[in-house]
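Only one structure is covered here, and it is reproduced in the block below.
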Amino acid sequence: PPPPMHIEGTLARWNDQSGFGFIAPIQGGPEVFVHISAFPLDGTRPIQGERLRFEIISGEDGTRRAHILQRLDRPSHPSQRPATARHPEKRSRGFFTQFILLVLFGLLAYAAYSHFTRQAPFPQSFSSPPVEHYAPSRPAGTLRTNVPAFKCDGRIYCAQMNSCAEATWFLRNCPGVRMDGNGDGVPCEKQWCG
């Protein structure tokens, strides 16, 4: 069979909702049916009045149809396309990069917050009785010169304490202690402060 002949024409009518239209050949003659599938996949919709080059084939029902269509008014090379249609992947990559940076910032903020809360001492309870309330009784007239000086040394349980005063001081000043099971601010109620 002879090679297909390329014909030029203008998109005379186009129904965008149905996806088909008709091309008026430049050399005259009847209009040629064209379906959206004959257009190149360049991301733009057909526009009435644009110039086209195409081949003609016969459909199953014998009607003439446009085939292998080229758009003469638009560049066919990808590098000549408009910037908005040229690199949609760049926009998606930019969004993905921003998303990753946002996630990393959130993780860093959470790590800093966790580190700070582990290092900060436990707040004192306003409902806790003062330490002096549990201090051992002294004979009348003795000076308060032998008040024990406690320091956080890693002990966290009641069994490691030596007095109610020591347990209370540890509860108020040292992080991570496990001496106030009911959360009422009174430590070691069974061993020392009951």
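Here my numbering is used: the first residue of the sequence shown is 195, the next is one more, and so on. Cβ atoms here follow ideal geometry from the backbone N, Cα and C, with glycine treated the same way. Keep in mind it's a predicted model, so treat the numbers as computed, not measured.
- Counting every other CB atom within 10 Å of its CB across the protein chains shown gives Pro224 a total below 16, marking it as exposed.
- Taking 8 Å as the upper bound for CB-CB distance, Ile262 and Glu249 are in contact here, some 5 Å apart.
- Shown here, Ser212 sits in coil according to DSSP, grouped into three states, outside any helix or strand.
- Contact check for Ala206 against Ile220 fails: the beta carbons are separated by 9 Å or more.
- With a threshold of 16 other beta carbon atoms within 10 Å, Ala361 meets it and is buried.
- The DSSP assignment places 201-209, 214-219, 226-229, 245-252 as complete runs of the beta strand (DSSP E) inside the region 199-260, in order along the chain (cut-off: 3 residues).
- Excluding its 5 nearest sequence neighbours in each direction, Phe233 has C-beta neighbours in its own chain below 7 Å: Pro240, Leu263, listed in chain order.
- Pairing Gln292 with Asp267, the inter-Cα distance amounts to about 37 Å.
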